[in-house]
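Taken in order, these protein sequences are the chains called A, B, C and D.
If you count by my numbering, then the first sequence holds residues 1 to 190, one letter each, in order.
If you count by my numbering, then the second sequence holds residues 1001 to 1867, one letter each, in order.
If you count by my numbering, then the third sequence holds residues 2001 to 2347, one letter each, in order.
If you count by my numbering, then the fourth sequence holds residues 3001 to 3262, one letter each, in order.
The beta-carbon is built from N, C-alpha and C at its ideal position, and this holds for glycine as well.
None of these values were measured; they are calculated from a predicted model.
Inspection log for the structure reproduced underneath, given as structure tokens.
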Amino acid sequence: MAADSSKIPAWPAWRQLANGDPVGLGASAFSPRSRALKARINEADRAVGSVCPYCGVGCGQQVYVKDGKILDIEGDYDSPISRGCLCPKGAATMQLVTGTHRVKTVLYRRPYGTRWEEIPLERALDLVARRVQKTRDDTWEDQHEKGHPLRRTLGIASLGGATLDNEENYLIKKLFSSLGVVQVENQARI
Amino acid sequence: MAECHPVGFQWVMEAKRRGATIIHIDPRFTRTSAVSDIHVPIRAGSDIAFLGALVNYIISNDCWFREYVVNYTNASALISEDFQDTEDLDGLFSGWDPEKGQYDPKSWQYRGVEVSPAAGHREMFSGEPRSERGASITAEEHDPTLTDPKCVFQIVKRHYARYTPEVVQQACGIAPDLFLKVARALCDNSGLERTSAFCYAVGWTQHTVGVQFIRTAAIVQLLLGNIGRPGGGIMALRGHSSIQGSTDIPTLYNMLPGYLPMPKASYDTDLEKYIEYNRSASGWWSEFPKYIVSLLKAWYGNNASAVNDYCYNYLPHISGDHSHMVTVAAMADGFVKGYFVLGENPAVGSMNASLQRKGLRKLEWLVVRDFAPTETAEFWRSAPEVVAGDVKPEEIATEVFFFPCAAHTEKDGSFTNTQRLLQWHHKAIEPPGDCRSELHFVYHLGKRLKELYRDSPDSKDHPIRDLAWNYREIGEIQEPDAEEVLAEINGHSLPDEKPLSAYTELNEDGSTACGCWIYCGCRKDGVNQTARRTPKDEQDWVALEWGWAWPANRRMLYNRASADPEGKPWSQRKKYVWWDPEQKKWTGYDNPDCIATRPPEYRPPEGAQGIDTLSGIDPFIMQAEGKGWLYDPSGLLDGPLPTHYEPQESVLKNPLYGQQCNPARLEWVRRDNPYHKAWGDPRYPFIATTYRVTEHHTAGGMSRWLPWLNELQPEMFVEVSPELAGLRGLENGGWATVSTIRGEIEARVLVTERLQPLVVQGQVMHQVGIPYHWSYVGRSTGDAANELTAFVADPNVSIEESKAFSVQIVAGRRASRRRAGAVGPLAAPEPGQEDGGEPSRDLPEVRTKKPATHGERSGRQQQTEEA
Amino acid sequence: MIGLFTKQQATAERELDPQLAHLTGEAAKLHVKHPAAQQGVPPIPLWQKVPSQPGEAAHQDYYRLPLLKEPVWIWSVPAYFYLGGVAGGSALLATLAHGKRGLKKLASLCRGLAFAGTTVGPALLTYDLGRMGRFLNMLRVFRPSSPMSVGSWSLAGSGALATLALIQGDRPAAKPTTRALAGGGLVVSGYTGVLLGNSANPLWQGTRLTLPLLFTASAIASTSALLELFTLNRQEERVVRRFGTIGKIAEAGSMALFELEAAQNPEAARALNRSKAGVLWNGAKGFLVAGIAVSLLPGHSVGKRRAAGTLTTIGALCLRFGLLEAGKEAVRDPQAVIKAQRKGDGR
Amino acid sequence: MEPHGFFTDTSVCIGCKACEVACKQWNQLPADGAYFSGRSYDNTMHLESTTWRHVAFLERSRQLSGQTTARPFSWLFLSDVCKHCNRAGCLEACPTGALVRTEFASVYLQPDVCNGCGYCVVACPFGVINRREDDGRAWKCTLCYDRQKVGLEPACAKTCPTDSIFFGPVGELQVRAQARLLELHRKGVHEARLYGMTELDQPGTEGLNAFFLLLDRPEAYNLPPEPRVPTKEVGRAWGMMGLAAAGMVAAAIAAVRAGGEK
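Take a look at the structure:
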């Protein structure tokens, strides 16, 4: 059934005659594109092992990359958890990570402001660091009136972690605890 | 489960294909029910009545697994003479302190010895006197015949005797024959040859008695011998990719990595005391000192040494509940100035959303990190109360920073899934623009702060100056090396810095550093074990070479229980790990969850200490005495045995006790968090429960921006039965307004027989189903379910009650955008309650509880109250 | 910036950022101008009953949703049907009148019409194509299974022959050309009936036997009706009148037969009397009858002839537009498909 | 090359719609736009030029055999798709050769050839294929021809968590389907039936390469009970046309004769 395109003339009607194909439902009607068609992941530079970012099941994903851009994201057959399957959210991961909804600059809303402004990442980090320092220094509690050590600030709090990596949660807990921030919470409480 | 974990559900379907019976108990008929053998519609919030009746059925019909129960649980332990049950006190246990408004668990303890819990509120057992605290469990008194009226088994039996099929009908609206069908199916499928499993999600946790829901299931499973055996267990289906990881390495206020408690201001004043109060003399927690010292070495490196208590005093101290809702209440009262929100969306996903936003309005600065500005980032301009004009952006002082985050495809790192499995995801492409990982954000923030505090002489700043904070920076964007962080978590020996391979290698003399003891071994031999991807077809069904599970790559906890006391498998069908007499060690498909070389016949000698107290038949090694707890002598704040209490806002009087609600529940009595009547509030006559659907994810930050998902579930909707629709003139596809005293929302209506009225105590109960994905920004918007819910929580874990509360529903789009968080109660709060008159949630002695602890006087005074 | 990140509107695009993703999937080039369904503008009415209690559950279906897709053809297709018919009829007359003394003018007129029909026709068809630039693909393959393929080739052939015939005029050498043209013409005027019949559309599939008759008969009527509008000599007039009379009677007859055949699937047949389709179909009947009536009036005035011609022509157009509309109407009721196929099978 | 296709077993479908999204993701199809339909959880409603997998949601106030519920009720799902018929109306009607029968026996639409004549739309007895007006061409499921060419299974079948969508050589699928049917009947699920598996089940299409196991009548899922591919019956229509043509010739001769007389 597969058409040998090489020496058959380009016009499918001719090809029908050449193939002795009166009905013209199959190979003779193929276009060059169809004959050359391949799954796009075939040209991938590499397939990167990954894990679905949605729920807690932890389905395996394969991320196909070419020229620093994503070709496709699909399930990983090798995973003993998911055996290549993904749910609708997992199947939409491509749209999540390459979607046009993603904002690519830091946005800043000044006090009493009515709009967002774009500011450079480095500057934003400096500002946040200074806010942390000021609030921490202003709200530091060294001791309870009964003399118990507190060594903390209740002026700063943090929320989030269930969607982050273990390494990220670790650094958050490590840094914030050392800053004396105890109000560190995440979705596990919800 | 099919709704929110479809791929996990493939294994349930696999089991069904092999003949398993699938039972689904849910107020709604969901996609899970559609393929289940039995669907049992239950009144939201009545699960303990149902599960308690199972306990009663199992005991009274003698379906329990005697040899398992006698050897592996605390059924035979004798309980203090002073213990009194809810049977005797109309819904209260002994030890209620009307002054403090909480229990003193002393009378719940074992006779002759006070044990500390493996988890939960260990601090409860740090109070004086602590002489015998955690003493060698051999001092415990037992009755192996289980006949002593004060032994755990008899107490459990008495406690649940009144949980009959009739009570199930009265409390849950489930017909006795349907209940009995379930009970029989469960018991028939348990024993030597068969095991049954329970799966639950936040439908069990989000209640004022959430922890006790799960405890009841634990009792059922222990009685049936379904724990620690293949095909058994109680599975928590968690909703986020690394929510388990964020509990193990806790971004939670009350713990340090590896479930080590945060220092308590009142007593953990120095390392010595901290260790004394938190270690256990027996069981695995006797190893406690090794874990905290290794953690401090990991955090403060060479600055931590024996002479300075390994910098223990660098750690901040907690002085009560600093959990999410407490913090937000304090925020709303102006005590919190700065807030980091990292990949979470509390303005949608957290209860009483308008109070959440009130908190945000009172901040000085807010940092939000996500893919696109969420409702939390946009609270100042498009929130309902802003649209309503009750709040004006020009009057909100909060400074907001929105940082775009990197996707999981743009960074290296590990997730810990719901089965404790760590899996590494590799970076595929560079993050675009200024998008960065949290790792990058926190690391560079830390670097800046270290710089800012570099020359500070102030002792308060030493922790930052001495913080070990050197990680390799990769590439132009200076991304810290995630694997280096993982190496620190895994731990290494000192000074030679060799990677450790198991937590048993940890020491308390500062010769090891380990960022999270339960994760020790995840980078065994310096190899990233979490990145292992040996194909499933190239290994056995336990798949030990895929990723890495804590602890010790153990895939099933308590698996010692899969063998009988002599160490032989209970049955061939269910063999998992067993004692090999030749090799003199435990072996099997999995890594045994016990001391691998400890023979079954070992019994602790007199005066044994530490892990030597664990006998050869103890499967639950984290417990002080190595047994599974049918009865909880310590660790829980609301009683040793699960007891049915009604939700904070119920439609029913508690059919079992005079005490309506969990006496120890957390309430926030504030104008911006008003409650309905305890029950039978004519203004809010229907039961509501919130949930997710397959097509969207939690608060929508990862789904409501995706057209491929939005087209599948384009709009906020509520689900009601045809009967309720008839009662309220609701039309399928039309609009309805759902309201509580805290807020009103509009939604499309799906009228469906998937919801059905339940007849409870002769009244017809209607339930309203409310998905909570939607809110006011994104590509698919709608009103948020959490505009309706309230701050009220389980005392043990401070998790809110959003799975059962009362609402009103009417036809049409009538919602005002007013919110209690902005303008106070939308109706008179609890009419007839000002004088504490009927209906009341509490018995008189409980009513005296001051609401002060949580509520108006929050913020600093309240935060340090317990100190 | 303001507003940029507030409520992002619902979108029906892929929303994949070309900076991050390769857009090379099978349908990546499927061009989207407007969302298939915009919010607030339901493509299909909201379902307002309880799904499990759909009301008269006499015959089952899926929320009353159409089971088949509506024909997507626009006005130019029925217009072509008409033109093709005229072209075919004229081609035939042209051949038979060829070289006949006294019918010269008629012959050349017919050659003209045949030429016009076979050249304007394809233009109309092309206008309906989603991708006009690819109209030549119609001759890419020859598929005997596809009436449209057969028709395309015949139309192309007829077009060529009609052109040649036009050039050759009435010299004797043209005889073979016109003969061939007549053959092509017969196919062109009739195949459109087969084309409609060869579909899953409940109305058209149910009437696949009478449709060719109807189209052919109407081709005769249409041709003569159009010719009646021109000035003809007595002899030619007689030819046209005879041809027309037969045509009109045949058309009326085959319309009756068509309705009989259609009636076997009452759900589908109902479409012939519903909404736009009903107006056109009944219009077709009315104008045809009127045409016949006028031509039966005594006298031989040119005015009468033209009136009859005009009425019949309008009728012929209504017929073809009516058939298309009825086809669309018929699929809107899923029972038109289901009932016809389920002959009381009670499973 | 062996014929390959889908066996869609609705008795294990959980209606998660992963197939719909996986299909859009792999083929990079646009969304259909957000429209709340009120039809249970079905908001895409039918197969379209931009929706090549569609999950139907049936709510019934009837019990499903073998299931225990508090009141008579069941919820059925079906993931619909192009059937890739052995006799395909669209294929045989297509005048340009845009639609072709591939070496895997699937029916593939070549987007570089289709000129949007719209004939396939009326020729499909399942209402699957349609012309996208703003694109101009017709589109439908390709049975992931591009993936099959390199030995990959189609995106929907790969992602399906419960193997409701099963891909493979049609011969093996038929064996699997038969076994599954027997198993269900043994369990007392008598409403289970196969749809379009062989020519015997569905002469009108001579069998489908994408066939189904249903738990209710086909029309309840918006499937035609006994579809007939039109081209199977077109012969007699051609005959009738021949007849009509002859009549036309006769009429013309008669007419010209009439003119011939003095």
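For residue i, name the three-state secondary structure that DSSP assigns.
i	result
residue 59 of chain A	coil
residue 1177 of chain B	helix
residue 172 of chain A	helix
residue 1274 of chain B	helix
Check the Cβ-Cβ distances between residue i and every residue of chain D, and say whether any is below 7 Å.
i	result
residue 1002 of chain B	yes
residue 1018 of chain B	no
residue 59 of chain A	no
residue 42 of chain A	yes
Within 10 Å of its beta-carbon, does residue i have 16 or more other beta-carbons around it, so buried, or fewer, so exposed?
i	result
residue 3236 of chain D	exposed
residue 2031 of chain C	exposed
residue 1427 of chain B	buried
residue 2004 of chain C	Only weak support is given to the placement of residue 2004 of chain C: the predicted model assigns it a pLDDT of 48, under 50, and the value that follows is read from those uncertain coordinates. Residue 2004 of chain C should be labelled exposed.
residue 1492 of chain B	buried
Kindly list the residues whose CB is nearer than 6 Å to the CB of residue i, restricted to its own chain and excluding five residues on each side of it in sequence; keep chain order.
i	result
residue 2229 of chain C	2306, 2309
residue 3088 of chain D	3107
residue 2267 of chain C	2333, 2335, 2336, 2339
residue 1322 of chain B	1253
residue 2041 of chain C	With a pLDDT of 43 at residue 2041 of chain C, under the threshold of 50, the modelled position of this residue cannot be trusted; read the value that follows with caution. There are no such residues.
Could you tell me whether any Cβ in chain B is nearer than 7 Å to the Cβ of residue i?
i	result
residue 32 of chain A	no
residue 3203 of chain D	no
residue 158 of chain A	yes
residue 49 of chain A	yes
residue 2052 of chain C	yes
residue 3073 of chain D	yes
CB-CB under 7 Å to residue i, same chain, minus the five flanking residues each way: which ones, in chain order?
i	result
residue 188 of chain A	162
residue 1559 of chain B	1228, 1576, 1577, 1590, 1592, 1593
residue 1087 of chain B	1158, 1159
Quick check on the DSSP output: the alpha helix (DSSP H) that includes residue i runs from which residue to which?
i	result
residue 1356 of chain B	1353–1361
residue 3044 of chain D	Note, residue 3044 of chain D: premise wrong, no alpha helix (DSSP H); not H, not E.
residue 1387 of chain B	1384–1387
residue 1870 of chain B	Outside the displayed span of chain B (1001 to 1867) sits residue 1870 of chain B, for which this structure offers no information.
residue 2077 of chain C	2076–2097
residue 1204 of chain B	1202–1205
Is there at least one Cβ from chain A nearer than 7 Å to residue i's Cβ?
i	result
residue 2039 of chain C	Residue placement at residue 2039 of chain C cannot be trusted, given a pLDDT of 40 that sits under 50; the coordinates are not used to answer.
residue 3193 of chain D	no
Do we get a CB-CB distance below 7 Å when we pair residue i with the residues of chain C?
i	result
residue 1753 of chain B	yes
Sorted by chain position, which residues of the same chain lie with C-beta nearer than 8 Å to residue i's C-beta, five sequence neighbours on each side aside?
i	result
residue 1164 of chain B	1053, 1056
Does the ligand ZN have a heavy atom nearer than 6 Å to the CB of residue i?
i	result
residue 2230 of chain C	Only the bare structure without any ligand can be found here, which leaves the ligand ZN out of the picture.
Using a Cβ-Cβ cut-off of 7 Å, state whether residue i counts as contacting chain F.
i	result
residue 2027 of chain C	Considering every chain present, this structure includes no chain F. Its protein chains are A, B, C and D.
If I follow the unbroken beta strand (DSSP E) through residue i, where does it start and stop?
i	result
residue 1424 of chain B	1421–1425
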